[in-house]
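Worksheet: one structure, shown below.
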Amino acid sequence: MGSNGKLKFLFVQPDLHRHYIPFLPKYESLHALICEAVARDFLESSLVFDRRFDTDENLIRVLKNFEPDIVGFTAHTAGEIFNVRRLIRLVKRTFPSAMTVVGGQHATLLPEDYFDSGVDIICVGPGEETFREVAEVLANGKDLSGVKGIIWKDGNEYVINPPRPISTGFIHWPPFDRTIIPRKYRRHYMWVFEAKPNVYTISTSGCPYRCKFCSLWVTQRGTYRRRKPAEIVEDIAAQPQPYVHLTDDNTFHNEDFALELYELLKKRGIKKKILAYARTDTIIKRTYLLEKWREVGLGGLVVGMEAVTDQNLDAINKKTDVNTNIEAHRILEELGLENWAHFIMMPEFKKEDFDLVWDFIDKNNVIYPIFVPLTPMPGTPFFFEAKENDQLAVFDYGFYNLEYMVMKTVIPKIEWYRYLQELYLKTCSFETLLRRSKCKSFHVLPAVGRALRFSWAVKRIWPHLLEQVAIEEKYRYEDIEHLLPPSLRRDYKPDKYYNAPRVSDMLERYKSTDNWDPQLGDVRRLPVKTYPDFDEIVDKQSYSACKIKESSKMEKTI
Ligand code: B12
Ligand code: SF4
Numbered sequence: 157m158g159s160n161g162k163l164k165f166l167f168v169q170p171d172l173h174r175h176y177i178p179f180l181p182k183y184e185s186l187h188a189l190i191c192e193a194v195a196r197d198f199l200e201s202s203l204v205f206d207r208r209f210d211t212d213e214n215l216i217r218v219l220k221n222f223e224p225d226i227v228g229f230t231a232h233t234a235g236e237i238f239n240v241r242r243l244i245r246l247v248k249r250t251f252p253s254a255m256t257v258v259g260g261q262h263a264t265l266l267p268e269d270y271f272d273s274g275v276d277i278i279c280v281g282p283g284e285e286t287f288r289e290v291a292e293v294l295a296n297g298k299d300l301s302g303v304k305g306i307i308w309k310d311g312n313e314y315v316i317n318p319p320r321p322i323s324t325g326f327i328h329w330p331p332f333d334r335t336i337i338p339r340k341y342r343r344h345y346m347w348v349f350e351a352k353p354n355v356y357t358i359s360t361s362g363c364p365y366r367c368k369f370c371s372l373w374v375t376q377r378g379t380y381r382r383r384k385p386a387e388i389v390e391d392i393a394a395q396p397q398p399y400v401h402l403t404d405d406n407t408f409h410n411e412d413f414a415l416e417l418y419e420l421l422k423k424r425g426i427k428k429k430i431l432a433y434a435r436t437d438t439i440i441k442r443t444y445l446l447e448k449w450r451e452v453g454l455g456g457l458v459v460g461m462e463a464v465t466d467q468n469l470d471a472i473n474k475k476t477d478v479n480t481n482i483e484a485h486r487i488l489e490e491l492g493l494e495n496w497a498h499f500i501m502m503p504e505f506k507k508e509d510f511d512l513v514w515d516f517i518d519k520n521n522v523i524y525p526i527f528v529p530l531t532p533m534p535g536t537p538f539f540f541e542a543k544e545n546d547q548l549a550v551f552d553y554g555f556y557n558l559e560y561m562v563m564k565t566v567i568p569k570i571e572w573y574r575y576l577q578e579l580y581l582k583t584c585s586f587e588t589l590l591r592r593s594k595c596k597s598f599h600v601l602p603a604v605g606r607a608l609r610f611s612w613a614v615k616r617i618w619p620h621l622l623e624q625v626a627i628e629e630k631y632r633y634e635d636i637e638h639l640l641p642p643s644l645r646r647d648y649k650p651d652k653y654y655n656a657p658r659v660s661d662m663l664e665r666y667k668s669t670d671n672w673d674p675q676l677g678d679v680r681r682l683p684v685k686t687y688p689d690f691d692e693i694v695d696k697q698s699y700s701a702c703k704i705k706e707s708s709k710m711e712k713t714i
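Going by the working numbering, 681 is the number at position 525 of the sequence shown; the sequence numbering is gapless.
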């Protein structure tokens, strides 16, 4: 602790799981910026360590030189929890007096997976108010029992404090201090498809819809929050980068907000290429807004098209239909806006279903499609449902990153992957690009950049797909269940945690669009638990034999 009673804060962005093939951009840690901004009053100095672009050896050096009082961690996907645990052990070995705090989606939905001896505090839910209070309490040498929304370690037990309700409305954060991120990482934060430096910021958080596959409404408990438009504009204006990624879930849902933000961006004379998020029905309802936003640089949208049949759209509770999807795409094309259209690939898919997706894409000239295997996101009602119904085929969270099919498929998994890859390659071929080149939304750099990057990723991922299939064939759930993270075991009950209502309760949420308050529970205590990383479970020798067998099968099919 500094001489003024203030704390030294280190934030560690973990390395990506080895099964993640990084075909999408990697940006600076907004979590670090938010934590630092809200707790600034109690911090003497802050620093970000980005392990995605650095080494464990350097982290040890930083720990010794910086001597942090608190070390914060987040995890973007479930697989990163293994890396977070590894890094936390490293922190505890190198600098034992530092308090370790984890937050993020997995910590919120499945906190028990972090009940590992090195984790001191688990922040459940949004971090802004909670982290400020944690910093205040630690700086004043008080104990953590009064901080709502955390689970903290007390000897050999974790104490579950009462929850912190989230309120719908505006979020306020002091301006971000991006200087806490060392310059050497900056060159990595870019919009990869065009190799352009990027500002990564946020305008809204949460979403009022209840798509079955999505984890956001669960984490945010059904709320939709906005940041003050003036704060967003200041944030963007202060950065030199020519590109802006608004990391929202549903940017244009609130019309007044989106309009005010546009007006302020315009007044401020900002014109950067902006990427935001929208549903197809919003695109139709608010076309005029998109036209306006184009004036300030809106260049593309991440759009959840999800399916090419009404039946599949209903199955995932998307509340849209195919005609809406087609019309939304037509509007974006007319406006010359890139449609980064996401399609969900279902486990029931056979060859004809993959063909149907391609027909849709080809007929409608979708230039920037992204295909996402339907994944029960750990901690969502869909996940618990799939686990109970024996639909999960993969028990290594390292594969739960939307690149792998972790559910049981109708056709053999290898065949399923082959059709998916063929689909990707068709969208990347020179012939396809040439045919699309007359479209208004065809922009050479992103279209070619996407094709090159995706073709590269499709090849890079093969060994991992083979590994996934080999593990799936070799390991029976019953045999390894006791070695898995707590949330993957049959006796895991989400209603132990106030932030995770009962599955039946959450299933009800599909039907409503209300926010819901956490159940106010008493303080409870649970023991410290630990479990191996999945790679330690795998018997490498017999697994390699499996891999070789699959490899030769694969070469024949490809
Ligand atoms: C923008 C975004 C991206 C960007 C940039 C990612 C990056 N960091 O470089 C792009 C588009 C490139 C991307 C890529 C991917 N993404 Co992404 N992404 C998002 C998105 C939309 C926002 C993430 C974000 O930064 N939010 C802003 C922060 C501030 O909010 P937050 O994470 O909720 O954090 C709050 C609290 O959780 C808490 N908190 C969080 N951490 C900490 C830490 C501490 C110490 C404390 C106290 C508090 C705290 O406080 C915060 C403020 O309230 C989310 C959806 C979402 N809205 O969360 C998906 C999401 C996180 N991505 C997801 C996935 C799967 C991926 C990919 C794996 C997809 C793929 N197959 O390639 C990749 C992996 C990228 C990687 N590992 O770096 C999934 C993760 C699901 C899961 N639980 O596993 C999500 C949830 C989307 C979804 N529903 O499917 N992603
Ligand atoms: S509309 Fe998008 S962000 Fe909202 S619940 Fe559906 S998938 Fe999630």
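Backbone N, C-alpha and C fix where the C-beta goes; we use that ideal spot for every residue, glycine too. All figures in this text were calculated on a predicted structure; none of them were measured in a lab.
Classify residue i as buried or exposed, calling it buried when 16 or more other Cβ atoms lie within 10 Å of its own Cβ.
{"i": "Y654", "result": "Residue placement at Y654 is flagged as unreliable, the pLDDT there being 49, under the threshold of 50; the coordinate-derived value follows with that caveat. Buried, since its Cβ has 16 or more Cβ neighbours within 10 Å."}
{"i": "A656", "result": "Unreliable placement is indicated for A656, whose pLDDT of 48 sits below 50; no coordinate value is reported for it."}
{"i": "V225", "result": "Checking the sequence, you will find Asp at residue 225 rather than Val. Buried, since its Cβ has 16 or more Cβ neighbours within 10 Å."}
{"i": "E213", "result": "exposed"}
{"i": "V694", "result": "buried"}
{"i": "A351", "result": "exposed"}
{"i": "S301", "result": "exposed"}
{"i": "M282", "result": "In the sequence as displayed, the identity of residue 282 is Pro instead of Met. P282 is buried by the Cβ-count criterion."}
{"i": "N221", "result": "exposed"}
{"i": "P467", "result": "As written in the sequence, residue 467 is Gln, which differs from the Pro given in the question. Q467 is exposed by the Cβ-count criterion."}
{"i": "V600", "result": "exposed"}
{"i": "A386", "result": "exposed"}
{"i": "G161", "result": "exposed"}
{"i": "G325", "result": "exposed"}
{"i": "D391", "result": "buried"}
{"i": "F167", "result": "buried"}
{"i": "S371", "result": "buried"}
{"i": "K519", "result": "exposed"}
So, under 8 angstroms CB-CB, residue i and residue j are touching, yes? Tell me the CB distance rounded to an integer number of Å.
{"i": "Y380", "j": "K475", "result": "Contact doesn't hold; Cβ gap of about 15 angstroms is too wide."}
{"i": "V528", "j": "M563", "result": "About 13 angstroms; that fails the 8 angstroms criterion."}
{"i": "Y433", "j": "L457", "result": "7 angstroms"}
{"i": "Y183", "j": "N354", "result": "7 angstroms"}
{"i": "I327", "j": "R382", "result": "7 angstroms"}
{"i": "E313", "j": "P642", "result": "The Cβ separation is near 15 angstroms, so there is no contact."}
{"i": "T531", "j": "N481", "result": "Not confirmed; about 21 angstroms, so no contact."}
{"i": "A497", "j": "V522", "result": "5 angstroms"}
Go through its chain and collect everything with a Cβ distance to residue i's Cβ below 7 angstroms, but skip five positions before and after it.
{"i": "A393", "result": "R424, I426"}
{"i": "E292", "result": "F198"}
{"i": "H344", "result": "K182, F209"}
{"i": "F408", "result": "A414, A434, T438, R442, L445"}
{"i": "N239", "result": "P170, D171, H173"}
{"i": "Q547", "result": "M563, K564"}
{"i": "Y356", "result": "Y183, E184, L186, Y345, H401, T403"}
Is residue i near the ligand COA, going by C-beta to nearest heavy atom under 6 angstroms?
{"i": "L372", "result": "For the structure depicted, the ligand COA is absent and the ligand set comprises only the ligand B12 and the ligand SF4."}
Short of 8 angstroms in beta carbon distance, which residues of its chain neighbour residue i, apart from the five on each side in sequence? Order them along the chain.
{"i": "D404", "result": "I358, S359, T360, S361, A432, Y433"}
{"i": "L493", "result": "L446, R450, L454, G455, G456, L457, S597"}
{"i": "I242", "result": "It should be noted that the sequence gives Arg, not Ile, for residue 242. Cβ within range, chain order: D689."}
So, does the CB of residue i fall closer than 7 angstroms to a CB anywhere in chain D?
{"i": "D518", "result": "Absent here is chain D; the protein component of the structure consists of one chain."}
Can you find the residues in the same chain that come closer than 6 angstroms, C-beta to C-beta, to residue i, ignoring five residues on each side of it along the sequence?
{"i": "V374", "result": "T536"}
{"i": "R245", "result": "G274"}
{"i": "L189", "result": "F332"}
{"i": "C584", "result": "A607, F610, S611"}
{"i": "Y341", "result": "D206, F209"}
{"i": "K422", "result": "V452"}
{"i": "A193", "result": "W329, P330, F332"}
Q. Three or more C-beta pairs closer than 8 angstroms, one from the segment 570-579 and one from the segment 471-490: is that the case here?
A. The segment 570-579 makes no contact with the segment 471-490: fewer than 3 CB pairs, one atom from each, lie closer than 8 angstroms.
**Q.** Any 3 or more C-beta pairs closer than 8 angstroms across the segment 545-563 and the segment 170-179
**A.** Contact between the segment 545-563 and the segment 170-179 is present: 3 or more CB-CB pairs across the two stretches fall below 8 angstroms.
Q: Examine the Cβ distances between the segment 538-552 and the segment 269-285 and report whether three or more of them are shorter than 8 angstroms.
A: Segment contact: the segment 538-552 against the segment 269-285, fewer than three CB-CB distances shorter than 8 angstroms; contact not assigned.
**Q.** Meets three-Cβ-pair contact criterion under 8 angstroms: the segment 223-242 and the segment 613-623
**A.** Too few Cβ pairs lie closer than 8 angstroms, so no.
**Q.** the segment 255-266 in contact with the segment 199-208 per 3-pair CB rule at 8 angstroms
**A.** Judged by Cβ distances under 8 angstroms, the segment 255-266 makes no contact with the segment 199-208, as fewer than three pairs qualify.
Q: Mind the definition here: the segment 311-320 touches the segment 328-338 only if three or more C-beta pairs lie below 8 angstroms; say whether that holds.
A: With a cut-off of 8 angstroms, the segment 328-338 and the segment 311-320 do not count as touching, because too few Cβ pairs lie within range.
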